[in-house]
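Protein chains in written order, with UniProt numbering: chain X, 1 to 594; chain D, 1 to 334.
Right, here's the structure in full:
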């Protein structure tokens, strides 16, 4: 009996001990957040070139500059490792001046050689400003160290107006840690690779052959120039501690940052409800859960612009969606407000119409021109006229194909996207009410969905669009590779529907306009020409409806005022940046008495 | 002794053949799962707000980690790697070996699943005996009903329920993760307490979810044994209750022993729902993520570990069964 009592007491003490001290996040000087960009993998290297790498942009990993959330201009930035920069009007030459006080966490200064090495490493990964192919639009032709704190990057002959953006987005790593990954003759090889002939091909292969080595490299410890450095990581959390050498240390309030892993939105909701997080990235939240999150003391919601929209896209080679009248009829029957209310009431606003652009950007690009476009307000009578114009027939209250066979609208969505599934169900319900037999079909996961979409297996499916702020990026989603236009080595080609990922299958020329060519032109056009092209593409998209724009996403973030203050206000142009950048900019301060 | 060695050799030969068959079948299935992992990763980045060019750059190098060559070449290369202890390179964590990832996840699976299995087994078996002996009383009924109820509730419901209770309504335990990163890893009180705190809800969920099965099985088994002639004979011979209880328990537990051994083998399959709910980075979560990312090497490696664990558990159960049940050892002559 005495033994039993002893065991019971021990168990009680253990339980009390185990249950005590929960909520370490509330420790003074600790900032707790979640990195929405990736799940934590404790086995991944501390390497920003590794997609799963244990580096956290804005906290330890630094880019030259941080993009502002501007609805129109993609070339507006806040300083990062670069204190300032100058650019020629044609973006042919970018001169970067580094922060004079920038140091790595091991105390060594950040120099131009670090930037040059980082650019060299970026070349091994290919793409954007650092494409090895000299014909690729917007690729750098030369990287020159001007002095210890100044670097000049020159654009090649095939110009892109995104060159500055892509250069300033370069992640900077220390040459004394990563430099050995580049062979001694790297820059000579790169020069050879930018030529022509077999020697150039061999040199290209040598450079791209370094990609795996660069991705796999695992430094023994984190040497960063950001406000924090990674102290340790386990599969559930990462701990970053203050970098005493950070150039703007006076701006940084927390001593430590805890990044929590998450495997699903439910965990973020739980963390928010329990008041554990100081800030959380955008997460889809049902209304009831949002209410509970708001009820937790200190929790606040900050909303801002997010250049992303969701649409219903058509396989335009598949009948009857090859007929523009059918697509228009569907646009007249879908109540976008109702769909948004059901699918994304907190993080979406109904699309005003289909332009291909997020409403906020569209206002800036098109101005009053939006009013001249068809708004596609719900109008069953117009829809019926459009369907009749397409030769569709109505039998027993149900619309049928022109040859009299039943018309069944199958809307495909990935099962894991709850707002898309809800939106698809709302749409099918609306279509059924108007005599169109519609069903929702789900793909097991997003990877499978994309594969089947690209293979042209779907008549109608959901598609992310309006990915701004660059107008090229926006229209590339509609008139890019998914619709047959491919830009390889600066050469634009159009491949037939059903091949090489062309699942949208729209015509190459519509009313004398080649939308893919215009989209590609957006890359190099000056602002006036861009405006004209965007106007043309918005009108064409509105008339032809390769997609029906359903709702524009709203960047909905959560912050807690319990421990920190100075959060970005609603619609701030830093809202899409990590909280580490907010700290760098001096925005977050410890709450008095916390 | 020769018999044991002969049995063991036979088991091992069959086990290796089984592992090869399962490995081959899973290899073919995995390589034929539709979905382009690089496109999936690209769209994931787009969804997170990355520009198309940037996303393209971030994913282009992943092509180097995809398997190349004919299916046969890939298969022979895979088998050759396995023979040399190489499970390949992960695509979702490029540059990291599959064995490293599995090793890292395995330790987080063992704690909640093993803890939960043993806890539920001990509780279920002990209370199952009482439920059978007192089956006509209120206690027996209550125990049987608790078993039936918990047996019918899915793991994820129990998980969500205990999360709501212990992290929101009465917030005394952490909502997720394996351990608080603030504490220095090692054999120190703060770290161990944190480990226990974080493991409590996953273990509790697993134990509650499995407890019903054990109690019902044990109750049924004991009830069967209670009707056997040898129990009647023992009672008539006036044996002490403790001796009688041992007779009952030892005979009734035999069928459960096999289930326990297989459960321990299944342990390496992880507990997907529990790991997901509690953000516990075990093998189940690793497998699910690898399927989502179409990480062929990681999927193959995880399936292999699960297969080997089950085969080994089967062999162990078979051999140990002979130890605890003399009838098996002597071909039923005892």
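Cβ atoms here follow ideal geometry from the backbone N, Cα and C, with glycine treated the same way.
Taking the alpha-carbon positions, what's the residue i to residue j distance?
i	j	result
residue 21/X	residue 592/X	Summary for residue 21/X: the model assigns pLDDT 44, below 50, so the residue's position carries little reliability; its value from the coordinates is reported in the next sentence. Rounded to whole angstroms, residue 21/X to residue 592/X spans 22 Å at the Cα level.
residue 123/D	residue 211/D	7 Å
residue 315/X	residue 453/X	9 Å
residue 381/D	residue 267/D	The first residue shown for chain D is 1 and the last is 334, placing residue 381/D beyond what the model contains.
residue 439/X	residue 413/X	11 Å
residue 163/X	residue 470/X	11 Å
residue 545/X	residue 327/X	6 Å
residue 265/D	residue 305/D	10 Å
residue 200/D	residue 287/D	23 Å
residue 304/X	residue 538/X	23 Å
residue 12/D	residue 20/D	12 Å
residue 479/X	residue 74/X	19 Å
residue 17/D	residue 194/D	43 Å
residue 102/X	residue 36/X	27 Å
residue 256/D	residue 260/X	40 Å
residue 148/D	residue 206/D	16 Å
residue 84/D	residue 51/X	28 Å
Just to confirm, are residue i and residue j a CB contact at a threshold of 7 Å?
i	j	result
residue 547/X	residue 383/X	no
residue 292/X	residue 273/X	yes
residue 523/X	residue 160/X	yes
residue 494/X	residue 390/X	no
residue 30/X	residue 256/X	yes
residue 117/D	residue 283/D	no
residue 260/D	residue 121/D	yes
residue 378/X	residue 335/X	yes
residue 82/X	residue 64/X	yes
residue 278/X	residue 561/X	no
residue 234/X	residue 192/D	no
residue 552/X	residue 68/X	no
residue 230/X	residue 40/X	no
residue 542/X	residue 431/X	no
residue 237/X	residue 177/D	yes
residue 307/X	residue 107/X	no
residue 199/X	residue 192/X	yes
Keeping to the same chain, check which residues put their C-beta closer than 7 Å to that of residue i; ignore five residues upstream and five downstream.
i	result
residue 2/X	Bear in mind that the predicted position of residue 2/X carries a pLDDT of just 49, short of 50, making it unreliable; the figure below should be weighed with that in mind. Answer for residue 2/X: no residue qualifies.
residue 75/D	27
How would you list, in chain order, the residues of chain B whose beta-carbon sits under 9 Å from the beta-carbon of residue i?
i	result
residue 258/X	Absent here is chain B; the protein component of the structure consists of chains X and D.
Just tell me which of the options has its CA closest to the CA of residue i.
i	options	result
residue 288/X	281/X, 262/X, 236/X and 346/X	346/X
residue 474/X	76/X, 520/X and 100/X	520/X
residue 132/D	249/D, 254/D, 97/D and 161/D	249/D
residue 502/X	549/X, 450/X and 490/X	450/X
residue 244/D	309/D, 232/D and 255/D	232/D
residue 61/X	487/X, 577/X, 590/X and 587/X	577/X
residue 91/D	314/D, 293/D and 311/D	293/D
residue 135/X	90/X, 195/X, 114/X and 79/X	195/X
residue 492/X	508/X, 533/X and 89/X	508/X
residue 595/X	140/X, 49/X and 442/X	Given that chain X is displayed from residue 1 to residue 594, the structure contains no residue 595/X and the question cannot be resolved.
residue 455/X	50/X, 429/X, 482/X and 435/X	482/X
residue 476/X	46/D, 85/D and 87/D	46/D
residue 457/X	499/X, 433/X and 428/X	499/X
Closer than 6 Å by C-beta to residue i: which residues in its own chain qualify, once you throw out the five before and the five after it? Chain order, please.
i	result
residue 182/X	120
residue 30/D	296, 299 and 300
residue 169/X	63
residue 246/D	none
Could you check whether the Cβ of residue i sits closer than 6 Å to any heavy atom belonging to the ligand ADP?
i	result
residue 424/X	No copy of the ligand ADP occurs in the structure displayed, which carries no ligand at all.
Less than 8 Å between C-beta atoms, sequence neighbours within five positions excluded: which residues of the same chain meet that for residue i?
i	result
residue 445/X	414, 415 and 416
residue 89/D	65, 95, 96, 97, 98 and 297
Inter-stretch contact at 8 Å, needing at least 3 Cβ pairs: the segment 238-254 of chain X / the segment 222-230 of chain X:
Segments in contact, yes.
Taking 8 Å as the threshold, find out whether the segment 123-142 of chain X comes into contact with the segment 155-165 of chain X through three or more Cβ pairs.
The segment 123-142 of chain X, when compared against the segment 155-165 of chain X, does touch it at the 8 Å Cβ threshold.
### Query
Does the segment 409-416 of chain X come close enough to the segment 334-351 of chain X to have 3 or more Cβ pairs within less than 8 Å?
Too few Cβ pairs lie closer than 8 Å, so no.
- Counting Cβ pairs, one atom from each stretch, are 3 or more of them under 8 Å apart for the segment 561-580 of chain X and the segment 346-358 of chain X? Counting Cβ pairs under 8 Å, fewer than three are found: no touch.
**Touching by the beta-carbon criterion (3+ pairs, under 8 Å), the segment 208-215 of chain X and the segment 180-196 of chain X** = Result yes; three or more Cβ-Cβ pairs closer than 8 Å.
Pair every Cβ in the segment 91-98 of chain X with every Cβ in the segment 143-150 of chain X, then say whether three or more of these pairs are closer than 8 Å. Because the criterion of three Cβ pairs below 8 Å is met, the segment 91-98 of chain X and the segment 143-150 of chain X touch.
>> Any contact between the segment 188-204 of chain D and the segment 215-224 of chain D? By contact I mean 3 or more CB pairs, one from each, below 8 Å.
In response: Cβ pair count under 8 Å is below three, so no.
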